[in-house]
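Right, one structure below, let's go through it.
Protein chains: 4
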Amino acid sequence: MIIIMKPNASQEAIDRVTQVIQDNDLQVHLSRGHEVTIIGVVGDKTRLKGKNLEIADGVDKIVAVTESYKLANKKFHPEQSVIQVGNTSIGPGSLTIMAGPCAVESREQMMETAFAVKKAGASFLRGGAYKPRTSPYSFQGLEETGLQYMKEAREATGLNVICEVTSEHAIERAVRYVDMLQIGARNMQNFELLKEAGKSGLPVLLKRGLSATIDEWLNAAEYIMSEGNEHVVLCERGIRTYETSTRNTLDISAVPVLRSRTHLPVILDPSHATGVRAYVAPLAKAAIAAGADGLMIEVHPDPAHALSDGPQSLTFDQFEDLTAQLRPYSSLAGRSFS
Amino acid sequence: MIIIMKPNASQEAIDRVTQVIQDNDLQVHLSRGHEVTIIGVVGDKTRLKGKNLEIADGVDKIVAVTESYKLANKKFHPEQSVIQVGNTSIGPGSLTIMAGPCAVESREQMMETAFAVKKAGASFLRGGAYKPRTSPYSFQGLEETGLQYMKEAREATGLNVICEVTSEHAIERAVRYVDMLQIGARNMQNFELLKEAGKSGLPVLLKRGLSATIDEWLNAAEYIMSEGNEHVVLCERGIRTYETSTRNTLDISAVPVLRSRTHLPVILDPSHATGVRAYVAPLAKAAIAAGADGLMIEVHPDPAHALSDGPQSLTFDQFEDLTAQLRPYSSLAGRSFS
Amino acid sequence: MIIIMKPNASQEAIDRVTQVIQDNDLQVHLSRGHEVTIIGVVGDKTRLKGKNLEIADGVDKIVAVTESYKLANKKFHPEQSVIQVGNTSIGPGSLTIMAGPCAVESREQMMETAFAVKKAGASFLRGGAYKPRTSPYSFQGLEETGLQYMKEAREATGLNVICEVTSEHAIERAVRYVDMLQIGARNMQNFELLKEAGKSGLPVLLKRGLSATIDEWLNAAEYIMSEGNEHVVLCERGIRTYETSTRNTLDISAVPVLRSRTHLPVILDPSHATGVRAYVAPLAKAAIAAGADGLMIEVHPDPAHALSDGPQSLTFDQFEDLTAQLRPYSSLAGRSFS
Amino acid sequence: MIIIMKPNASQEAIDRVTQVIQDNDLQVHLSRGHEVTIIGVVGDKTRLKGKNLEIADGVDKIVAVTESYKLANKKFHPEQSVIQVGNTSIGPGSLTIMAGPCAVESREQMMETAFAVKKAGASFLRGGAYKPRTSPYSFQGLEETGLQYMKEAREATGLNVICEVTSEHAIERAVRYVDMLQIGARNMQNFELLKEAGKSGLPVLLKRGLSATIDEWLNAAEYIMSEGNEHVVLCERGIRTYETSTRNTLDISAVPVLRSRTHLPVILDPSHATGVRAYVAPLAKAAIAAGADGLMIEVHPDPAHALSDGPQSLTFDQFEDLTAQLRPYSSLAGRSFS
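Line by line, the protein sequences give chains A, B, C and D. 338 is the number that this note's numbering gives the last residue of the first sequence; the numbers go up by one with no jumps. 676 is the number that this note's numbering gives the last residue of the second sequence; the numbers go up by one with no jumps. 1014 is the number that this note's numbering gives the last residue of the third sequence; the numbers go up by one with no jumps. 1352 is the number that this note's numbering gives the last residue of the fourth sequence; the numbers go up by one with no jumps.
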């Protein structure tokens, strides 16, 4: 931690700050520049919690030197993690495809979709049984009935199933039916939900919040991991910017940035990122080329009648065509479909 | 609802779209331009849910004409609402000041603060007993003990008390102790929490999400109201932008925009918006001048030792000085401290 | 300047960095933490230009301690500046109102508007003779003829006149007709234009770029000032964010932030910030309450027929009504109309 | 053009609006919904310029149906354009690589770099002779001497050369030395410069503004094209968002979005987008996979001593290694290095 003093900070002010640091058994390194004085703090800086040195007289600003996330941090766990879900390994060497409809609508829809996406190369069936919708008057999901359909599709096909959870109650239900929990963008900083997901023991796919920084996202992962559950996969799904041509702006740079900061796998969701079916294929290829460990893609037996997110869903034929196009990119990136 | 067809849309495509509309007992108004054809839909457009006309052949885009929120909508409730909390009226003619520390830390802190902010003109004591923190290793709040301290401060001073709730569990606890619930920015689209807050029957202060549009915010209010609880107050607390000089960017235009769209009261939180103590006074004045119904301001007996958000908190003296400065602005705006 | 080394930086890497610093006659202050080593650099850091220490082995990041703008910096010029234009003083104690149409359209329009805004309290007539328009097919301005009309209006009323310049050529023309140049948002980082405006010797109103940080804005002011022209006034006119309810998002916090960083006056433009006439009055009051030195407001004799920006323009009556409302806010802020 | 009336618009208001439309020889299509009335306008809507119907009584909003750019619009020019520069074709089937230092520093630097990037597969040498820098105290470029060095490097290697121009004066100079002009992000809406670049007749690389929407960008291209110069190539270089892990956020979705709206080629600049050398390779691969027609990449003989942008520059070896990695992605995308 580095404390930068104001140009006009008095000696008294500098002394007072260094006193606080030393009183908390930390070491001080003082640099006096010709314009400003800088105070380096050496030792466990959590001892300064609640001291609020930012507002002490003469202090200009404080710069943190180390990240607040530890378990998710590559510095303390340099090797890439592999997250095992059923017989699927998410991580280096594999390209994991999660596909399915935005919302679970019926048993037939899930069963049909499961067979279709499996045939095309997916290893996960996705589907929303609890839908966070902007308006209370939009379709809110089939809830436990939807989970039941997912489980049946899983038993019939051997696919892993993943479902978004939006409350403690939903987690309690979901653990009985699914292989992996999903925390959606709107709940990325619903810390109570993160803790419950951590306690569940199930692997968790953590989507990035609409306007979350990468560091906030890794801190959200830390919430799950600090409950003893290290099976976390990150999912970039577009961030909110001023540009309205796409529903969100896919931050593809997040892939190499995360690689440099965390050992957790990262997958991309081009369907939610763009909201436009025609943009899914080019961005899915780009995701693989950028180094992603997998993709989440919306597929629907009949997008023209989907209850939610139809415009961005692929038909079965389009999805099969897509995975065929993706295979050579995956090989080139040294990954095989898992 | 207006459907704009692509320039090259075939007659067949236009016919198919109009057929879907008519099959759902809605009326069609067709405008053929020299470049494009436009299809107006007249009637209850919820009948088209799940038809996904956006992806029908030949459709370019669909423009909504009416808002999805109804109970919060000024069009259907043109008079400004007054939200009554205890003996305080939030709304036209009043300027409601909510003040207190970011986090409840001790009985003494709350009691001392309550007397100080009451004396200076506040009608609400704020305080966080459940703290949503970016890192799991930061202080998380005193929980029920904190609520107990708030209740004691309320009994001693007659102030209303308001506390953020972050889970169904927290709501269950909070209803026993506080006068008003607060939903924080990170939970603005935690729809399960919104519904529970709606069911609680207590008045709710709904903070704007970090990157929520004004329409998403009003839809979040609609979630609470659609549970039968119309006692909602909106709180602008800064949005996330590229500018880093302030913690967030206070969107002061939200005040007149909300006035034109909703009958619900709106208050501003300059403390969280800026994160800098010196900016609180100018922005508090600006908020009143822009037409806000109230202010939420962080006050702490000893900001230099606050466990959370010290740099933006005012001391008791600073707060008293601030309210003295605000009174003439409040009078000019036709409001009296409530 | 502070150099933060990576946790695993070798002694060799640390030595190499300190060597570069010392080779350039700067002093090194080394702080060895238990996780990282920090190297403080003392002395004139411009000597390190082109050394690119950011990419030296073992370097994690570099933190600047001082701002790159000097002439605009409050640290080296603590007193608020007053910019004199004709008989008008822009700065402490004054509230300067600049009003007029977005675009100069005709002699009658300018003359009529000049008398109307003068009567209502403005001291500047604004008007665009060179219009930067998103589409090449939109009206581009009357150019020198427009400047001529402005000058005539100035002679008839005694108002100061201000006009946006968009090229070196426009500056050459404008200096013959107007009292103050305006650099628009789209040209805030058109550095050649800034230098020319600096050389012109005329006072300059520098609008903030659409997505410029406050520090970039102050550096743009520095471009003008470093040509020997210190007569710069800053104008906040809204920044680009994800919110679409207003054309831009007025960053009202910029007023107190600028106060803490620069001695230059700052005015606000609520017309361009919102693009909506009904929002101009509440935001103009807010601007004064926040401490602004003035306002720029669009006024048009017949907004329903304006060639540009009609929807946000006020009629003469509306403007007169507005200034009447603003006077008590101005008094309260300790300012008189200038 | 569609005019949406307010729910309470009077018949008189509706009549007045339709009258204005008909008075301008346009046709009206009226749709009366149960909540609102919608007025479709059929015909050449430029006739309504300056009528400002947005603020007519009873009007809620106006929705544009067609884009304002025509020459750049795919609707009127459905085939992908190929831009020929010397013996290089930018467009379908080709992958054009432009490489070189951010700033021209010396004859040796340019000559050495030219040979190195040519050997690795580039067909363009880039280099900045006129540098737009945030601070007036940063290195501003070698100007005409720099152009001279570029021309010498071009003659020695046969590479095309491209240089950013920042003023009319710079264009006058550059046309004598270079094959293609570059308009930088900060000048994307410097409309005078765009017009001059159009008049120059040289092919133009138009970088996207820091916070320009895709439609604003295409309108900027239209400025160049409307001067009779249709040789425009677009370059995505990252947009400004709240995320600070990368210098800008590369909007890779811009590639498929542009493909659907314009016939102009698009290239990506991963160096400026991220500002971090380690992120260049993954994003360059992603750009090709997403369908880009080329790449602009910073290469420097000695990045540790570059006068500008060292941290994101590749060494010659790194660049050669990169192009070797890119070739199979290029083949997979059906493109050959040009």
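Built from N, CA and C at the ideal position, the CB exists for glycine as well. Remember, it's a predicted structure, so these values are computed and weren't measured experimentally.
Contact belief for residue i with residue j at Cβ below 8 Å, rounded distance in angstroms
| i | j | result |
| --- | --- | --- |
| V1118 of chain D | G1160 of chain D | 4 Å |
| V593 of chain B | A628 of chain B | 4 Å |
| M826 of chain C | A798 of chain C | So it is not a contact: roughly 14 Å between Cβ atoms. |
| V1055 of chain D | P1021 of chain D | About 20 Å separates the two Cβ atoms, so there is no contact after all. |
| D1307 of chain D | P1279 of chain D | 4 Å |
Same chain only: Cβ atoms within 6 Å of residue i, ignoring 5 sequence neighbours per side
| i | result |
| --- | --- |
| P1106 of chain D | Q1094 |
| W893 of chain C | R884 |
| A452 of chain B | L463, A491, T495 and L497 |
| P541 of chain B | I421, V423, M518 and H569 |
| L1156 of chain D | V1118 and A1143 |
| D1016 of chain C | With chain C running from 677 to 1014 in the structure shown, residue 1016 of chain C is simply not present. |
| Q27 of chain A | V42 and G43 |
| G566 of chain B | none |
| L210 of chain A | A185 and R240 |
Own chain, CB closer than 7 Å to residue i, minus 5 neighbours either side, in chain order
| i | result |
| --- | --- |
| S1103 of chain D | V1096 and S1352 |
| A170 of chain A | Y130 |
| N1233 of chain D | S1082 and Y1083 |
| L409 of chain B | E560, M563, S564 and E568 |
| G438 of chain B | T451, V455, L463, R464, G465 and V637 |
Cβ neighbour criterion (16 or more within 10 Å) applied to residue i
| i | result |
| --- | --- |
| A324 of chain A | exposed |
| F414 of chain B | exposed |
| P78 of chain A | exposed |
| R176 of chain A | exposed |
| N87 of chain A | exposed |
| T249 of chain A | buried |
| G383 of chain B | Looking at the sequence itself, residue 383 of chain B is Lys, so the reference to Gly does not match. It counts as buried. |
| H1319 of chain D | exposed |
| S1012 of chain C | exposed |
| E574 of chain B | buried |
| S598 of chain B | exposed |
| D1037 of chain D | exposed |
Proximal residues to residue i (C-beta, below 8 Å), its chain only, five neighbours per side dropped
| i | result |
| --- | --- |
| Q506 of chain B | For the record, residue 506 of chain B in the displayed sequence is Glu; it is not Gln. For E506 of chain B, where only same-chain residues beyond five positions count, the Cβ hits under 8 Å are E530, L531 and E534. |
| D1331 of chain D | none |
| P132 of chain A | E164, T166, G184, R186 and N187 |
| P1325 of chain D | G1289, V1290, R1291 and P1317 |
| D269 of chain A | K207, C235, E236, R237, G238, L295, M296 and I297 |
| S1046 of chain C | Here chain C has residues from 677 to 1014 only, and residue 1046 of chain C is not among them. |
| S1327 of chain D | P1115, C1116, S1285, R1291, E1312, V1313, H1314, P1317 and A1320 |
Opposing strand residues paired with residue i [DSSP bridges]
| i | result |
| --- | --- |
| V366 of chain B | B:V379 |
| S336 of chain A | A:S94 |
| I1253 of chain D | D:T1263 |
| A437 of chain B | B:L463 and B:I635 |
| M681 of chain C | C:V735 |
| L206 of chain A | A:I183 and A:L234 |
| L1328 of chain D | D:V1313 |
Query raised in the report: Counting only runs that start and end within the region 243-304 of chain A, where is the beta strand (DSSP E) found for 3 or more residues in a row?
Result: Every unbroken stretch of the beta strand (DSSP E) spanning 3 or more residues and falling wholly within the region 243-304 of chain A is given here in chain order: 266-268 and 294-298.
**Report entry** Minimum length 4: unbroken alpha helix (DSSP H) runs contained in the region 1149-1210 of chain D
**Finding:** 1158-1171 and 1182-1188
Query raised in the report: Which ranges would you report for the alpha helix (DSSP H) in the region 711-772 of chain C if only whole runs of at least 4 residues count?
Result: Counting whole runs of 4 or more residues, the region 711-772 of chain C contains no alpha helix (DSSP H) stretch at all.
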